[in-house]
Structures are given as C-alpha cells and as structure tokens.
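Enquirer: Counting in the working numbering, the sequence shown runs from 446 upward without gaps. There's a structure below that I have some questions on.
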Amino acid sequence: MAQDKPAAAQSRVTRTHRSGRGKKGPGPAFAAIDLGTNNCRMLVARRAGRSFRIIDAFSRIVRLGGGLTETGRLNGEAMDRVVEALEVCAEKMQRRGVAKYRAVATQACRLAENGDELMDRIKARTDLDFDIISPEEEARLAVLGCLDLMDEAYDVALVVDIGGGSTELSWVDLAQWRERGGFESGGRPPVRTWASAPVGVVTLSERIPEAEHPDDWYEAMKAYAMTALKTPRGARKLKTLFTSGRAHMIGTSGTITSVAGVHMQLPRYERSIVDGSWMTAADARAACLDLASKDLDGRAANPVIGRDRADLVLAGCAILEAVMDKWPVEKIRVGDRGLREGLLLNLMRRPKRRRRGGRRNPSAEAQRAAE
C-alpha cells in the first residue's frame, strides 16, 4: 500500500485497519484509486467502526507526468502504463465485489492538453470513471486521510502532501478542533487555509536536471522550491504559532516516508514501523543531507529508496526542506496515507439523520461540508 509496532505506538487508523470482521459479517467493500503524476495506487477496504479495514491494495509507478513540463502532453507510453495498471485495479475490484468506488486523477491530468483523452481510454478499457479533481479537493482529502495523526496538544498542524506534479499544504486549526472534542468527537477539524504549489518530485527534477547541475543540483532545487511555495493570506496570521513551537507538521507522501525510513536506517521499508512515527525536523534534514551527499547509484543502494525512487527522492527532499524553512516546526508526524484514505472515509460516511420538524441551517451545513 513486517514487523508490528507495540499496540500503544500504532495510530488509531492502523489498529482499526487490522481489526477482525464485525459480528454482522464483513459488509460491503469500497475502493479508492489515486492516479498521480508518478504513481497509480488503490486501496480496497470495509468499514470497521468509524474507520476501515484494508482488504486489498495496489501500487505501481507509472511515470504519467514524464515529459509533461516540456511538451504539455501525456505521452503514449505513459498512458499505456496507466491503462495496464488500472486493468489490474479493475480486476481486483471485481474479485473483491466492490460495491462503491471513487477514482481520481490529479496534477498531470489537470495540466495535460490530452488529459481527457486518457480518461476516455481508461473508460473504454476498464469501465472505470475518473474525476480530475481540483488542488483544493486534493488538499482536503489528504487532511481527511490523516486525521488521527494530528496531535491535539498543538494549536495548528500543517499537512504537507508532496506529489509528483504539485505540492499541497493545508493549515489545520487544532485549537478549535480540541475545543469541539477533537478526534474522539467524530467531527472534522477546520482547515483555515490551503495552498497548492506547481512543483512536485517529477516536475522539479525535470526542470532542474541533475546532469546539468552536478555540483549544486540539490541547492538549486531547494531555491526553486522556495520561490514556488507561496504563503496564502489566511496562513500569515498563523506564523507566530510556528515560531513559538505551537505547531507540528504532518507529511503524507513517498518523500516523507522515504526520509523517515532513511532516518531509521531500516533494512527495508516497513509501513507498520514508518506510518504514525515522529521525527524531529533536525532528523529529517539530516536524512535529506545524507541522501544529497550520494550520487544516483548511492541513493539506489539504500534499501528504503531503491532504483525506482533514486532519481526523484532528492527533489522531494528539496521541497520538504523548503517547506520547513518557511514553516519551522520541531516535530514531524509521518503518514503512509493520505488522499486514498480520505476518499475511503468519504465513501463510507453515513448521512446524519435529521430531526423531525427540525429546520435546516444552510450556512451551518455548508461550513460542515467545507470542513
């Protein structure tokens, strides 16, 4: 989507995912597919209390956004890889008897001139319907997928989703959520503001190639990422919460999990150890600099990185360091989760019953939906 952590150290969602079937049987299966600029990933799950239990998963690097920066179009070979990957997803969904699904595409398909052409090809070959979602929806789904990683002892959390083609940031008001009862209330925390930067691991590594910057490649990528990361107006008043130590970061992407694995010196990547773990910002920077000190073969030799991620991981590190420079925190929570989990939680959400004769408050309902 192994060695288990002690139960007390596992996050709430991780524990729930592994729980057994309920007394009333397994219930319907739900599926969420995330077609990103670099990866195609799917989760299949069933309800388990307020969360879910994963029953199947799929992930494949498809490099959909390769060359997009230069041509503005998705290339044919990449689209072939996507269709082949989604044929596997469709077969898994059929075998699991999926009752409801949602499939979304993100930055590569948003930008490409021929994004709709790929959607048509997918529909013809797999019968899967995709939504090309907005950056705002992508950011909010990432927040939803990471709810139980938020530490209510802090006043704000910055959720950072470094993708292949873009980076989404969401500033979450934990102080107000804490007043409402936090995670245990079953509600969703208010997102004060969000931003999307048109820079991801694929687009950044293509814009600033390693071969053309052999001596200062990493620093050049960090400098470019700093200029791409804009501060939305609603986040400016939160700055003091970061400088005073009242904020923490949540990373949700292959970048942050790779950095955590390198920091832990794992002999191989293990989700059960990485997901939900904490790093200090200093630990994260040290892992980034360790990777930056190595050439392509050296990065590939790290068992957490491997050959498939070796050419892109430093671009992710550069973006992560740029975010930390702009929004300083002492601690970072690591999430091997995000958009897909958010999709699943939305799919499984049961509508609230209305009181008889009660009057609806449209503005309050709109606020709840936005949060």
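Positions of the beta carbon are idealized from the N, C-alpha and C atoms, including for glycine.
Take the Cβ of Pro634 as the centre, count every other Cβ of all protein chains shown within 10 Å, and call the residue buried at 16 or more, exposed below.
Expert: As a position in the sequence shown, residue 634 is number 189, starting the count at 1. Flag for Pro634 reads buried.
Enquirer: Assuming contact is defined by CB atoms lying nearer than 9 Å, are Gly780 and Gly690 in contact in what I supplied?
Expert: Numbered from 1 along the sequence shown, position 335 holds the residue referred to as residue 780. Numbered from 1 along the sequence shown, position 245 holds the residue referred to as residue 690. No, Cβ-Cβ distance for Gly780 and Gly690 is not below 9 Å.
Enquirer: Use the C-beta contact count for Lys667: other C-beta atoms within 10 angstroms, 16 or more gives buried, fewer gives exposed.
Expert: The sequence position of residue 667 within the sequence shown is 222, counting from 1. Buried, by the Cβ-count rule.
Enquirer: With distances taken between CB atoms, is the gap from Asp407 to Val707 smaller than 9 Å?
Expert: With the chain running from 446 to 816 in the structure shown, residue 407 is simply not present.
Enquirer: Looking at Leu649 and Ala763, is the spacing between their C-beta atoms short of 9 Å?
Expert: As a position in the sequence shown, residue 763 is number 318, starting the count at 1. As a position in the sequence shown, residue 649 is number 204, starting the count at 1. Yes. Within cutoff.
Enquirer: By the DSSP assignment, the alpha helix (DSSP H) with Leu788 in it spans what residues?
Expert: Position 343 of the sequence shown, counting from 1, holds the residue named residue 788. Note, Leu788: alpha helix (DSSP H), Leu784 to Met793.
Enquirer: Report the rounded CA-to-CA distance for Arg547 versus Asn483, giving the unit in angstroms.
Expert: The count along the sequence shown starts at 1 and reaches residue 547 at position 102. The count along the sequence shown starts at 1 and reaches residue 483 at position 38. Taking the straight line joining both Cα atoms gives about 19 Å.
Enquirer: Among Val588, Pro677 and Arg652, which residue has its Cα nearest to the Cα of Gly609?
Expert: Residue mapping note: residue 609 aligns to position 164 of the sequence shown, counting from 1. Comparing Cα-Cα distances from Gly609 to each of Val588, Pro677 and Arg652, the minimum goes to Arg652.
Enquirer: Starting from Val533, trace the alpha helix (DSSP H) in both directions and tell me its first and last residue.
Expert: Taking the first residue of the sequence shown as 1, we reach residue 533 at position 88. Unbroken alpha helix (DSSP H) run through Val533: Gly521 to Arg541.
Enquirer: With DSSP as the reference, label Leu757 as helix, strand or coil.
Expert: Indexing the sequence shown from 1 puts residue 757 at position 312. In this structure, Leu757 counts as coil in the three-state DSSP scheme.
Enquirer: Go through the segment 581–658 residue by residue and report every complete run of the beta strand (DSSP E) that reaches 3 residues or more, in order.
Expert: Runs of the beta strand (DSSP E) inside the segment 581–658: 601–607, 612–618 and 636–642.
Enquirer: Per DSSP, what kind of secondary structure is Tyr663 in: helix, strand or coil?
Expert: As a first step, residue 663 must be located in the sequence shown, where it is residue number 218. Of the three classes helix, strand and coil, the one that applies to Tyr663 here is helix, per DSSP.
Enquirer: Return the CA-CA distance between Ala493 and Tyr669, expressed in angstroms with no decimal places.
Expert: The residue you call residue 493 lines up with position 48 of the sequence shown. The residue you call residue 669 lines up with position 224 of the sequence shown. C-alpha separation (whole angstroms): 43 Å.
Enquirer: Report the rounded CA-to-CA distance for Thr672 versus Gly645, giving the unit in angstroms.
Expert: Counted from its first residue, the sequence shown places residue 672 at position 227. Counted from its first residue, the sequence shown places residue 645 at position 200. In a straight line, the C-alpha of Thr672 is about 13 Å away from that of Gly645.
Enquirer: Given Arg555, which residues of its chain have a CB within under 7 Å of its CB, disregarding the five upstream and five downstream residues?
Expert: For this step, residue 555 is matched to residue 110 along the sequence shown. Result list for Arg555: Ile577, in chain order.
Enquirer: Out of curiosity, what's the CA-to-CA distance linking Arg566 and Ala729?
Expert: As a working mapping, residue 566 is identified with position 121 in the sequence shown. As a working mapping, residue 729 is identified with position 284 in the sequence shown. One C-alpha to the other measures close to 41 Å.
Enquirer: Could you please give the first and the last residue of the uninterrupted beta strand (DSSP E) stretch that includes Arg492?
Expert: Sequence index remark: in the sequence shown, residue 492 carries index 47 (1-based). First-last of the beta strand (DSSP E) with Arg492: Asn484 to Ala493.
Enquirer: Would you call the CB atoms of Gly590 and Leu790 closer than 9 Å?
Expert: Reading the sequence shown from its first residue, position 145 is the one you call residue 590. Reading the sequence shown from its first residue, position 345 is the one you call residue 790. Yes, Cβ-Cβ distance for Gly590 and Leu790 is below 9 Å.
Enquirer: Can you tell me which of the three DSSP states Leu711 falls into?
Expert: One-based indexing of the sequence shown puts residue 711 at position 266. Note: Leu711 maps to coil in three-state DSSP.
Enquirer: Do you know offhand how far Asp618's Cα is from Glu522's?
Expert: Along the sequence shown, read from residue 1 onward, the residue named residue 618 stands at position 173. Along the sequence shown, read from residue 1 onward, the residue named residue 522 stands at position 77. Computed Cα separation, rounded: 43 Å.
Enquirer: Would you tell me roughly how many angstroms separate the C-alpha atoms of Arg541 and Ile500, rounded to the nearest one?
Expert: Stepping through the sequence shown from its first residue, residue 541 is reached at position 96. Stepping through the sequence shown from its first residue, residue 500 is reached at position 55. Going from the Cα of Arg541 to the Cα of Ile500 covers about 8 Å.
Enquirer: Classify Thr688: buried if its beta carbon has 16 or more other beta carbons within 10 angstroms, exposed otherwise.
Expert: If you number the sequence shown from 1, residue 688 lands on position 243. Exposed: under 16 other Cβ atoms inside 10 Å.
Enquirer: Which of helix, strand or coil does DSSP assign to Leu556?
Expert: Counting from one through the sequence shown, the residue named residue 556 turns up at place 111. Leu556: helix per DSSP, three-state reduction.
Enquirer: Can you tell me the Cβ-Cβ gap for Trp821 and Arg778, rounded? I've got them flagged as a contact below 8 Å.
Expert: Here the chain covers residues 446 to 816 and nothing more, so residue 821 does not appear.
Enquirer: Please specify which runs of the beta strand (DSSP E), each continuous and at least 3 residues long, are wholly inside the segment 667–740, giving them in chain order.
Expert: If we require 3 residues or more, the beta strand (DSSP E) runs fully inside the segment 667–740 come out as 692–697 and 723–725.
Enquirer: Out of Leu519, Arg491, Asp561 and Gln552, state which residue places its alpha-carbon closest to the alpha-carbon of Met538.
Expert: Locating residue 538 in the sequence shown gives position 93, counting from the first residue. Per the Cα distances, Arg491.
Enquirer: Less than 9 Å between the beta carbons of Arg505 and Ala535, yes or no?
Expert: Within the sequence shown, numbered from 1, the residue matching residue 505 stands at position 60. Within the sequence shown, numbered from 1, the residue matching residue 535 stands at position 90. Against a cut-off of 9 Å, the Cβ pair of Ala535 and Arg505 comes out as no contact.
Enquirer: Quick check on DSSP: helix, strand or coil for Asp781?
Expert: The residue given as residue 781 occupies position 336 in the sequence shown. Coil at Asp781, not helix or strand.
Enquirer: Measure the CB-CB distance between Leu513 and Phe575 and report whether it falls below 9 Å.
Expert: In the sequence shown, residue 513 corresponds to position 68, counting from 1. In the sequence shown, residue 575 corresponds to position 130, counting from 1. It is not a contact, given that the beta carbons lie outside the stated cut-off.
Enquirer: Out of curiosity, what's the CA-to-CA distance linking Ala587 and Ala474?
Expert: Numbered from its first residue, the sequence shown carries residue 587 at position 142. Numbered from its first residue, the sequence shown carries residue 474 at position 29. Straight-line Cα distance between these residues: approximately 21 Å.
Enquirer: If you draw a straight line from the alpha carbon of Ser496 to that of Met793, how long is it in whole angstroms?
Expert: Taking the first residue of the sequence shown as 1, we reach residue 496 at position 51. Taking the first residue of the sequence shown as 1, we reach residue 793 at position 348. One C-alpha to the other measures close to 9 Å.
Enquirer: Are Cys485 and Leu509 closer than 9 Å when you measure CB to CB?
Expert: On the sequence shown, position 40 is the one that residue 485 refers to. On the sequence shown, position 64 is the one that residue 509 refers to. Contact: yes.
Enquirer: For Gln710, which option in Val749, Gly721 and Pro677 has the closest C-alpha, if you only look at C-alpha atoms?
Expert: As a working mapping, residue 710 is identified with position 265 in the sequence shown. The shortest Cα separation from Gln710 among Val749, Gly721 and Pro677 belongs to Val749.
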